[in-house]
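Chains as they are written, first to last, in the UniProt record's numbering: chain A, 1 to 427; chain B, 1 to 427. Each residue gets a CB set at the ideal place from its N, CA and C atoms; glycine is no exception.
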């Protein structure tokens, strides 16, 4: 009945190339799914000779691999039948309890029943979008904001409206004005998405007073707050700020992640949600991935139960602080006086504003030639702004490489400014 | 600046309970996200005293845990910096090569560039839905079909149209009639979703002739075929049938999974797609989860590279065959003559048709009392059909427990038939 030779050898191929009328066959939302123009540059940027100040990859050099190897070995040896099996769609019950202990460090009192474990907090963002966003709905985000969130909101065909921030974080008056203007246009606002701690891409920390003010505004206006907090425990000046969720358990959807405090390769994040949202979120997650990996969840659970994870986070903070210092010092040394940048007290990123005549996307190829990479500012705006800016990450390279990279980049910026001044335009 | 006491102790909570106007604030697609009525029964069904013929959990008793523990230990010890780091959105390059070797067992010749690794093949289903389905679009599926696929299509607001199958699989003439009738109503068909090998929930194997005929119909009609193949290597009579993708590389989207051949807890599946679909699928996946777990991907990659995985699959097949036999024998012994059922030659499932006066959803509580659980047939139809049927899984319990469970269930069916005959209706 069954042929042993591949049928493809026996039967002529009907067509090669693109299926007919392909574009019409996609969903409407898929028309916006295009590879970004900087993707090919990033492929180049990952070469070892380039100092990458582009990626947000956590630095795992402080993580003892022998210990991690023992953790996963013992997990499978003693509990493999559970770790390698399907699990709960909502996530492993013990890990959800432990997640509540982790969140308690930022003042959150939560019930494990309200925690949903996800494949990284990116999946939580996707699920939140899925249950809230109809095409044309408005999502309020900081200006600039996390590129991955903007991409997700775009896939759900939301309209992103940016709200200004300064060195104290999102500006409450700008938020009020934004809400008013969106509502005057008759559009629906679904939620405010923000990263209060060591924001991606600016590194800015939202001040305590503003947290309260923003929470009050959003409650009054019946706008959910989506608090994305991957970097909250990576502050260089202790103690950590309280999460916004610590102040408001009814109107805040909190997203957390182990990607920056343990290991990103495990892909374990979570959402802590008001009880009224939980059921839909679990159903959305089951439809999306059936269940998160028991194996990676239980790896984290074992690690949290048996290893000095608070000390490990302290080690990570020390490692990042040294790199932050290297970056700020070399920016001071090598960048022109006309540039300004943020001074993060935690997290991974510095945001650099250059004179407006510079277009950082057009400048990328020169940077690659000078063996340094960054992310152009436009990636963090849904509206084409940010041409004058760039995000620099200090998380991954050594301090020496950071100095080398910032020096090279400073040279590129100086050159570019001189070229603009002399009236010479790039082809 | 930062309070060390939780702010929640200082600030009165604005509201407890459900946020105002919550239902209006959700997306339209979320209105269908409701917990199924049988969910609470399944919570009961997972108790140890119940013989569960309900779940599709693979049986891991044949997997040597000492070996798996060594695999993960050595992976982290020698390659932890990569395994615990973010990876490629498309999936780990080496694993994608190995996936092509696995697919070659079913006659597929593929390029690793066209493989996208996902968090279980459920995520592949979600991504395919995302790039193709606009609300109201039609998806053709077997009658009955996989409950998780129906759930995903529902979230994307597709209209599911069932096409009949018999013991040789999906019926080509029914497919032709279905396409004609949908098109006559002016609706758009986006793809045909089917499980050709040991189908979930019926266990039926699609015959070789029908594979070719169905491929020809779909090519002519410009309808993509989504071939979901988690059970293809779990046939009890070798050699395995060729995949439909082996015959058609341009119009078939192939979904694979390691959940049933290695371990479901790793959550590693994949899609093999025509090159023209790859970019959108990768972008959709990045928006959904950023990247799949390097750790679980590299665990599978190490296992495939260093362990006798073909022999392991043979062990799994032997284990399932014994259980299939136990189920078919005890159905013969304990079920009424008026019932019929499929005789699977692979996979996990038997589909039982009972006399039409029986409603298997209403019968569930009695089964639970008799300490046995199954999935009512309606779960596998989008249109309310299947009240007379049930899916029985033989994959997980021991043969003894399977006999015990089928005996108990046969008793419940006999009782229910007698009750219906005597005119007594359940309250």
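| query | result |
| --- | --- |
| With DSSP run on the structure shown, which of helix, strand or coil describes residue 39 of chain B? | helix |
| Can you list, in chain order, the residues of the segment 126-142 of chain B whose Cβ is nearer than 8 Å to any Cβ on chain A? | 126, 130, 131, 132, 133, 134 and 137 |
| Got a sec: is the Cβ-Cβ distance from residue 6 of chain B to anything in chain A below 7 Å? | Here residue 6 of chain B scores only 42 on pLDDT, less than 50, and its place in the model is too uncertain to base an answer on. |
| Is there a Cβ from chain A that is less than 7 Å from the Cβ of residue 295 of chain B? | yes |
| Rounded to whole angstroms, what's the CA-CA distance from residue 71 of chain A to residue 306 of chain A? Just pull it up for me. | 9 Å |
| Between residue 288 of chain B and chain A, is there a C-beta pair that is closer than 7 Å? | yes |
| Rounded to the nearest angstrom, how far is the Cβ of residue 281 of chain B from that of residue 268 of chain B, given a contact under 8 Å? | The pair is not a contact, with the Cβ atoms about 16 Å apart (cut-off 8 Å). |
| May I have the straight-line CA-CA distance separating residue 251 of chain A from residue 18 of chain B, to the nearest angstrom? | 10 Å |
| Residues of chain A with a CB under 8 Å from the CB of residue 314 of chain B: which are they? | What residue 314 of chain B touches in chain A: nothing, since even the nearest Cβ is about 17 Å away. |
| Going along the chain, which residues of the segment 247-259 of chain B sit with their C-beta nearer than 8 Å to a C-beta in chain A? | 247, 248, 249, 250, 251 and 259 |
| Which residues in chain A sit within 9 Å of residue 279 of chain B, going by Cβ to Cβ distance? | 33, 34 and 35 |
| To the nearest angstrom, how far is it from the Cα of residue 63 of chain A to the Cα of residue 296 of chain A? | 16 Å |
| On a CA-only basis, which of A/365, A/261 and A/400 is nearest residue 329 of chain A? Give me that one, please. | A/400 |
| Quick check on the burial criterion: 16 or more other C-beta atoms within 10 angstroms. Buried or exposed for residue 85 of chain A? | buried |
| So what's residue 351 of chain B in DSSP terms, helix, strand or just coil? | strand |
| Using the C-alpha atoms, what's the distance from residue 217 of chain A back to residue 166 of chain A? | 18 Å |
| Extract the residue ranges of the beta strand (DSSP E) inside the segment 195-283 of chain A, only unbroken runs of 3 or more that lie entirely within it. | 224-228, 252-257 and 268-272 |
| Should residue 311 of chain B go down as buried or exposed, given a rule of 16 or more other Cβ atoms within 10 Å for buried? | exposed |
| Note down, in chain order, every chain B residue with its Cβ under 7 Å from the Cβ of residue 76 of chain A. | 65, 68, 69 and 72 |
| Determine which residues share a DSSP beta bridge with residue 65 of chain B and list them. | Answer by DSSP bridge pairing: none, since residue 65 of chain B is not bridged. |
| For residue 28 of chain A, return the contacting residues in chain B, with the cut-off set at a CB-CB distance below 8 Å. | 134 |
| Pull up the distance between the alpha-carbon of residue 335 of chain A and that of residue 81 of chain A, whole angstroms please. | 56 Å |
| Count the other CB atoms, across all protein chains shown, that sit within 10 Å of the CB of residue 197 of chain A; report buried if there are 16 or more and exposed otherwise. | buried |
| Below 8 Å CB to CB, which residues in the same chain sit around residue 13 of chain B once its five sequence neighbours on both sides are set aside? | Confidence in residue 13 of chain B is poor, its pLDDT being 42 and thus under 50, which makes the residue's placement unreliable; the coordinate value appears in the next sentence. Cβ within range, chain order: n/a, list empty. |
| Taking just the CA atoms, how far does residue 179 of chain A sit from residue 164 of chain A? | 13 Å |
| Taking Cβ-Cβ distances shorter than 7 Å, what residues in chain B pair up with residue 123 of chain A? | 288 and 289 |
| Exposed or buried, what is residue 343 of chain B when buried is set at 16 or more other beta-carbons lying within 10 Å of its beta-carbon? | exposed |
| How far does the beta strand (DSSP E) with residue 162 of chain A in it reach, from first residue to last? | 159-166 |
| Could you tell me whether the Cβ of residue 302 of chain B comes closer than 7 Å to any Cβ of chain A? | no |
| Give the residues of chain A in contact with residue 98 of chain B, contact being defined as C-beta atoms less than 7 Å apart. | Within 7 Å Cβ-Cβ: nothing; residue 98 of chain B doesn't reach chain A, min ~18 Å. |
| I'd like the list of long-range same chain contacts for residue 293 of chain A, defined as Cβ closer than 6 Å, with 5 residues on each side in sequence excluded. | none |
| Along the beta strand (DSSP E) that carries residue 391 of chain A, what are the first and last residues, could you check? | 389-393 |
| Which runs of the beta strand (DSSP E) at least 3 residues long sit entirely within the segment 104-136 of chain A? Give them in chain order. | 115-119 |
| Which chain B residues are close to residue 21 of chain A, counting only those with a beta carbon under 8 Å from its beta carbon? | 222 |
| Just to check my reading of the structure: residue 230 of chain B and residue 207 of chain B have Cβ atoms closer than 8 Å, yes? What is that Cβ distance to the nearest angstrom? | Contact doesn't hold; Cβ gap of about 19 Å is too wide. |
| Three Cβ pairs or more, each shorter than 8 Å: is that satisfied between the segment 134-148 of chain A and the segment 237-255 of chain A? | no |
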